[in-house]
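**Student:** Quick one: the structure is below, questions incoming.
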């Protein structure tokens, strides 16, 4: 009887060891090079779309990122075509692999620079300087600095109307994409992704992670009552924080509505 009990204990311990091995995080390594020159590419942005973690290549074009089989890595680099790479069991088993990225054929468009014609008179010249004033309105009970609604006469009515409309754009977008909003929270916690986003202005990484196109992404921020000036000039990290802030406030307002009803 004691031998049988010891036998089952051994099986249980063996199964526990296997389970721990399965839970152990795995990583993939790679080298990213240019397909045309075979030179290594430094500071390529790499994001695991499934686990929402990011990294970038070092001076030797090498990277390591947390991943498991069938995860998808999104690779992006200025002047090169972004690609998605699927993690395979062979990659995990055999280690480092080389990935090629292809250059984009970019044509420089004509840029027109408008110069201010200064007269030397301060009072006159000050009137020529464009002033951007995007008012923000604080709402009691919400943790942020307020809503940016622009400078139109009906700005505050627009802000309040969009916030308290129960069938607004936020409900339709956030309510139908809970998985993407979970990714949003994960993105905010990953320091590497935040660092990558802080240096980007193209919205590409945000669009891929949140599964939306450029129009919908801009519309989300617009419906959160951020101005066109903010949308056009903010980096990707600022856009991420703006959407996240808006989503958290939306949840607070939704809970308050349910309590009142």
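In this note's numbering, the protein residues as written are 1188 to 1448. From the three backbone atoms N, C-alpha and C, an ideal C-beta is built for every residue, glycine too.
Helix, strand or coil: how does DSSP classify residue 1376 here?
**Tutor:** In the chain shown, residue 1376 corresponds to position 189, counting from 1. Note: residue 1376 maps to helix in three-state DSSP.
**Student:** If you drop the 5 nearest sequence neighbours on each side, which residues of the same chain put their C-beta closer than 7 Å to that of residue 1246?
**Tutor:** Here the question's residue 1246 lines up with position 59 in the chain shown. The residues are 1229.
**Student:** Residue 1292 to residue 1439, Cα distance in whole Å?
**Tutor:** On the chain shown, residue 1292 is found 105 positions in, with the first residue counted as 1. On the chain shown, residue 1439 is found 252 positions in, with the first residue counted as 1. Straight-line Cα distance between these residues: approximately 47 Å.
**Student:** Using DSSP with H/G/I as helix, E/B as strand and the rest coil, what is residue 1211?
**Tutor:** For the purposes of this step, residue 1211 is taken as residue 24 along the chain shown, with counting starting at 1. Of the three classes helix, strand and coil, the one that applies to residue 1211 here is coil, per DSSP.
**Student:** Between the Cα of residue 1437 and those of 1422, 1411, 1419, spot the shortest distance and give me the residue it belongs to.
**Tutor:** Reading the chain shown from its first residue, position 250 is the one you call residue 1437. The candidate whose alpha carbon is nearest that of residue 1437 is 1411.
**Student:** Can we say the region 1251 to 1264 touches the region 1410 to 1427, given the rule of at least three CB pairs closer than 8 Å?
**Tutor:** Too few Cβ pairs lie closer than 8 Å, so no.
**Student:** Where do the ends of the beta strand (DSSP E) carrying residue 1250 lie?
**Tutor:** In the chain shown, counting from the first residue as 1, residue 1250 sits at position 63. Per DSSP, residue 1250 belongs to the beta strand (DSSP E) from 1249 to 1253.
**Student:** Nearest by alpha-carbon distance to residue 1224: which of 1233, 1267, 1243 is it?
**Tutor:** One-based indexing of the chain shown puts residue 1224 at position 37. Among 1233, 1267, 1243, the Cα nearest to that of residue 1224 is on 1267.
**Student:** Closer than 6 Å by C-beta to residue 1371: which residues in its own chain qualify, once you throw out the five before and the five after it? Chain order, please.
**Tutor:** If you number the chain shown from 1, residue 1371 lands on position 184. 1431.
**Student:** Quick check: the Cα distance between residue 1280 and residue 1256, rounded to an integer number of angstroms?
**Tutor:** As a position in the chain shown, residue 1280 is number 93, starting the count at 1. As a position in the chain shown, residue 1256 is number 69, starting the count at 1. For residue 1280 and residue 1256, the distance between alpha carbons rounds to 10 Å.
**Student:** Going along the chain, which residues of its own chain have a beta-carbon closer than 7 Å to the beta-carbon of residue 1273, five neighbours each way excluded?
**Tutor:** Taking the first residue of the chain shown as position 1, residue 1273 is located at position 86. 1257, 1259.
**Student:** Output the distance between the C-alpha atoms of residue 1433 and residue 1277, rounded to the nearest integer angstrom.
**Tutor:** Taking the chain shown and counting its residues from 1, the one referred to as residue 1433 is at position 246. Taking the chain shown and counting its residues from 1, the one referred to as residue 1277 is at position 90. Roughly 42 Å between the two C-alpha positions.
**Student:** With a cut-off of 8 Å on the beta carbons, I'd call residue 1379 and residue 1241 a contact; round off their distance for me.
**Tutor:** Working through the chain shown from its first residue, we reach residue 1379 at position 192. Working through the chain shown from its first residue, we reach residue 1241 at position 54. Sure, about 4 Å apart at Cβ, within 8 Å.
**Student:** What does DSSP give as the partner residues of residue 1236 in its beta bridges?
**Tutor:** To locate residue 1236, count along the chain shown from 1; it is residue 49. Residue 1236 is not bridged to any residue.
**Student:** Do residue 1374 and residue 1239 count as a contact pair if the criterion is CB distance below 9 Å?
**Tutor:** On the chain shown, residue 1239 is found 52 positions in, with the first residue counted as 1. On the chain shown, residue 1374 is found 187 positions in, with the first residue counted as 1. Against a cut-off of 9 Å, the Cβ pair of residue 1374 and residue 1239 comes out as a contact.
**Student:** In angstroms with no decimal places, state the Cα-to-Cα distance between residue 1288 and residue 1413.
**Tutor:** Taking the chain shown and counting its residues from 1, the one referred to as residue 1288 is at position 101. Taking the chain shown and counting its residues from 1, the one referred to as residue 1413 is at position 226. Going by the C-alpha atoms only, they are around 36 Å apart.
**Student:** For residue 1377 and residue 1384, I'd like the C-alpha separation in whole angstroms.
**Tutor:** What you label residue 1377 is simply residue 190 of the chain shown in a count that begins at 1. What you label residue 1384 is simply residue 197 of the chain shown in a count that begins at 1. Taking the straight line from one Cα to the other gives about 11 Å.
**Student:** Can you check whether the CB of residue 1227 is closer than 9 Å to the CB of residue 1233?
**Tutor:** Numbered from its first residue, the chain shown carries residue 1233 at position 46. Numbered from its first residue, the chain shown carries residue 1227 at position 40. Against a cut-off of 9 Å, the Cβ pair of residue 1227 and residue 1233 comes out as no contact.
**Student:** For residue 1244, tell me which candidate among 1236, 1271, 1237, 1216 has the shortest Cα-Cα distance.
**Tutor:** Residue mapping note: residue 1244 aligns to position 57 of the chain shown, counting from 1. For residue 1244, the nearest C-alpha among the options comes from 1216.
**Student:** Take residue 1422 as the anchor and find which of 1235, 1381, 1221, 1275 has the nearest alpha-carbon.
**Tutor:** As a working note, residue 1422 is residue 235 in the chain shown. Comparing Cα-Cα distances from residue 1422 to each of 1235, 1381, 1221, 1275, the minimum goes to 1381.
**Student:** What does the alpha-carbon distance come out to for the pair residue 1270 and residue 1442?
**Tutor:** Residue mapping note: residue 1270 aligns to position 83 of the chain shown, counting from 1. Residue mapping note: residue 1442 aligns to position 255 of the chain shown, counting from 1. Spanning the two alpha carbons is a distance of roughly 40 Å.
**Student:** Could you tell me the boundaries of the beta strand (DSSP E) in which residue 1246 lies?
**Tutor:** In the chain shown, residue 1246 corresponds to position 59, counting from 1. That residue, residue 1246, is in no beta strand (DSSP E); it is neither H nor E in DSSP.
**Student:** Tell me which residues share the same chain as residue 1212 and place their Cβ nearer than 7 Å to its Cβ, disregarding the 5 neighbours each side in the sequence.
**Tutor:** As a first step, residue 1212 must be located in the chain shown, where it is residue number 25. The answer, listed in chain order, is 1253.
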